[in-house]
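A short write-up of the structure that comes next.
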Amino acid sequence: LFKFYFSVSKDVQAHRFEARKTDPLKQFKLSPVDNLAQKYWDQYSVKKFQMLNESNRTIAPWTIIRSDNKRKARLNCMKYLLSNVDYDHKLPEKQLQTDPEIVISGIDEIKNMEKNLLHPEKLRG
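Next up, the structure:
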């Protein structure tokens, strides 16, 4: 079982929401919840921490994907998945290496969040 949490920073999220307001091709993505996401960022971050902390298990760990850059996030997620599954003609390990700034273990994210919970503005997306 693989569990991925695609995490975006507050600034990038705000930029994406603004683009949704002005770009006719993206307006369908905009919802009333989007405005609340920025308003309640700190509270959502605490809930994210609680969810990760309470559901990260050895048998089903979380993997955090930093997704400020959508393309890099998706490629790294695919590499991570492909590197952890056996299949015929598997690519060499070097080609499946992920960027450690993008792919973070759930336990490392929990530890990072624990350090910063008293200062929510320091929490990454």
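Numbering (the working numbering), first residue to last: 3 to 127.
Built from N, CA and C at the ideal position, the CB exists for glycine as well.
Residue i CB to nearest heavy atom of the ligand GDP below 8 angstroms
{"i": "S11", "result": "No copy of the ligand GDP occurs in the structure displayed, which carries no ligand at all."}
Rounded straight-line distance, which links the Cα of residue j to that of residue i
{"i": "F6", "j": "K96", "result": "22 angstroms"}
{"i": "F30", "j": "R22", "result": "8 angstroms"}
{"i": "V35", "j": "R18", "result": "14 angstroms"}
{"i": "S11", "j": "D90", "result": "37 angstroms"}
{"i": "M115", "j": "L27", "result": "35 angstroms"}
{"i": "Q45", "j": "K117", "result": "16 angstroms"}
{"i": "E56", "j": "V87", "result": "26 angstroms"}
{"i": "K41", "j": "V48", "result": "14 angstroms"}
{"i": "R73", "j": "V14", "result": "14 angstroms"}
{"i": "N71", "j": "Q52", "result": "25 angstroms"}
{"i": "D25", "j": "A39", "result": "19 angstroms"}
{"i": "R76", "j": "L119", "result": "27 angstroms"}
Neighbour-count burial assignment, residue i, 16 or more Cβ in a 10 Å radius
{"i": "I67", "result": "buried"}
{"i": "N78", "result": "buried"}
{"i": "E111", "result": "buried"}
{"i": "S33", "result": "exposed"}
{"i": "V105", "result": "buried"}
{"i": "F4", "result": "exposed"}
Sheet register partners of residue i (DSSP bridge)
{"i": "R68", "result": "S9"}
{"i": "S107", "result": "T65"}
Beta carbon of residue i nearer than 9 angstroms to that of residue j
{"i": "I109", "j": "N37", "result": "no"}
{"i": "S107", "j": "F8", "result": "no"}
{"i": "T100", "j": "S85", "result": "yes"}
{"i": "L98", "j": "Y82", "result": "yes"}
Item to check | Any beta strand (DSSP E) of 3 or more consecutive residues that is wholly inside the stretch 18 to 70 | outcome: 64 to 68
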